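**Student:** Below: one structure in structure tokens.
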Amino acid sequence: MQSPNSHLAEAITKIVLTLIFLGGIVWFVTVGATLGGGGIENFRIEWLDWALLSFATFRLGRLIAYDRVAEPLRAPFTRTVRDLTGAGNTVVPKGKGVQRALGQLISCPICAGTWVAAGLVVLMYYFPGPTHAFLVMTAAIGGAELIHNATEAFCWTGTVNRARAGRIFNDRGEEDQND
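Numbering-wise, numbering that gives the first Met the number 0 puts 88 at position 89 of the sequence shown, and it's gapless, one number per residue.
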């Protein structure tokens with residue numbers, strides 16, 4: 000069990016890291032707005048860009064948090080353990096202080112996705128063409144992952160229901176034989 004001081008230190012570390020990340024994003028946007036381009040007041044995200052950004056953020060957040068290809072990047076901050084359900088593995092933070100705070104950030108697809116989205120919006124401002132191409136690719140992968148997950152859920156549901164129906168029909172067959 001952690002002491003109250005270690006909980007406080009961990010909370011302060013998270014706050015400081017969040018402020019550093021936010022400060023960096025604000026700095027990039029501010030510098031970009033003052034150095035040129037159309038200025039931040041002319042920056043618009045259309046509905047299609049928002050949709051691409053949503054799917055890309057979904058995919059990239061999951062890539063950072065779960066995908067095996069990113070495991071070497073997560074290794075200093077996280078470890079992979081058996082999931083409590085027994086259905087696979089899960090990524091959990093390790094260590095204390097900054098190490099643990101970063102581990103919590105990158106082991107959560109929503110948390111990582113928040114910063115991915117912020118970074119992508121900044122990239123859309125500075126480098127709209129290349130960023131749009133990247134968004135299209137990662138959004139397509141994100142959409143495909145959602146379709147795959149839905150298909151897998153339907154297949155598992157169908158398998159469970161088929162087994163359940165088989166038991167019901169077998170039970171009825173035994174009742175008919177007993178009559």
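Ideal placement from N, C-alpha and C gives every residue a C-beta, glycine not left out.
Remember, it's a predicted structure, so these values are computed and weren't measured experimentally.
Rounded to whole angstroms, what is the Cα-Cα separation between residue 165 and residue 152?
**Tutor:** Residue numbering aside, residue 165 sits at position 166 when the sequence shown is read from its first letter. Residue numbering aside, residue 152 sits at position 153 when the sequence shown is read from its first letter. Cα to Cα, the separation comes out at about 20 Å.
**Student:** From which residue to which residue does the alpha helix (DSSP H) around residue 58 run?
**Tutor:** The residue you call residue 58 lines up with position 59 of the sequence shown. Unbroken alpha helix (DSSP H) run through residue 58: 46-65.
**Student:** Taking the C-alpha atoms as reference points, what is the distance between residue 22 and residue 115?
**Tutor:** The residue given as residue 22 occupies position 23 in the sequence shown. The residue given as residue 115 occupies position 116 in the sequence shown. So the two alpha carbons sit approximately 15 Å from each other.
**Student:** Could you tell me the distance, in whole angstroms, from the CA atom of residue 138 to the CA atom of residue 150?
**Tutor:** The residue labelled residue 138 in the question sits at position 139 within the sequence shown. The residue labelled residue 150 in the question sits at position 151 within the sequence shown. If I take the Cα positions, the gap works out to 18 Å.
**Student:** What does the alpha-carbon distance come out to for the pair residue 147 and residue 71?
**Tutor:** Within the sequence shown, numbered from 1, the residue matching residue 147 stands at position 148. Within the sequence shown, numbered from 1, the residue matching residue 71 stands at position 72. Roughly 25 Å between the two C-alpha positions.
**Student:** Ordered along the chain, which non-local residues of its own chain (more than five positions away) have a Cβ less than 7 Å from that of residue 60?
**Tutor:** Position 61 of the sequence shown, counted from the first residue, corresponds to residue 60. Counting only Cβ-Cβ distances below 7 Å, and skipping sequence neighbours, we find 108, 109, 111, 112, 115.
**Student:** Helix, strand or coil for residue 3, going by three-state DSSP, please let me know.
**Tutor:** Translated into the one-based positions of the sequence shown, residue 3 becomes position 4. The answer is helix: DSSP assigns residue 3 an H, G or I state.
**Student:** Throw me the rounded Cβ distance for the residue 57 and residue 141 pair, which I believe falls under 8 Å.
**Tutor:** Numbered from its first residue, the sequence shown carries residue 57 at position 58. Numbered from its first residue, the sequence shown carries residue 141 at position 142. Yes, residue 57 and residue 141 are in contact; Cβ-Cβ is about 5 Å, under 8 Å.
**Student:** DSSP state of residue 43, grouped into three classes?
**Tutor:** Mapped onto the sequence shown, residue 43 falls at position 44. Three-state result, residue 43: coil.
**Student:** May I ask you to list the residues that DSSP assigns as paired with residue 81?
**Tutor:** Residue numbering aside, residue 81 sits at position 82 when the sequence shown is read from its first letter. BP columns for residue 81 point to 88.
**Student:** What is the C-beta distance between residue 24 and residue 73, in whole angstroms, given that I count them as a contact (C-beta under 8 Å)?
**Tutor:** Here residue 24 refers to the residue found at position 25 when the sequence shown is read from its first residue. Here residue 73 refers to the residue found at position 74 when the sequence shown is read from its first residue. So it is not a contact: roughly 22 Å between Cβ atoms.
**Student:** Note down the Cα distance separating residue 118 from residue 5, rounded to an integer number of angstroms.
**Tutor:** On the sequence shown, residue 118 is found 119 positions in, with the first residue counted as 1. On the sequence shown, residue 5 is found 6 positions in, with the first residue counted as 1. Residue 118 and residue 5: Cα-Cα distance of roughly 31 Å.
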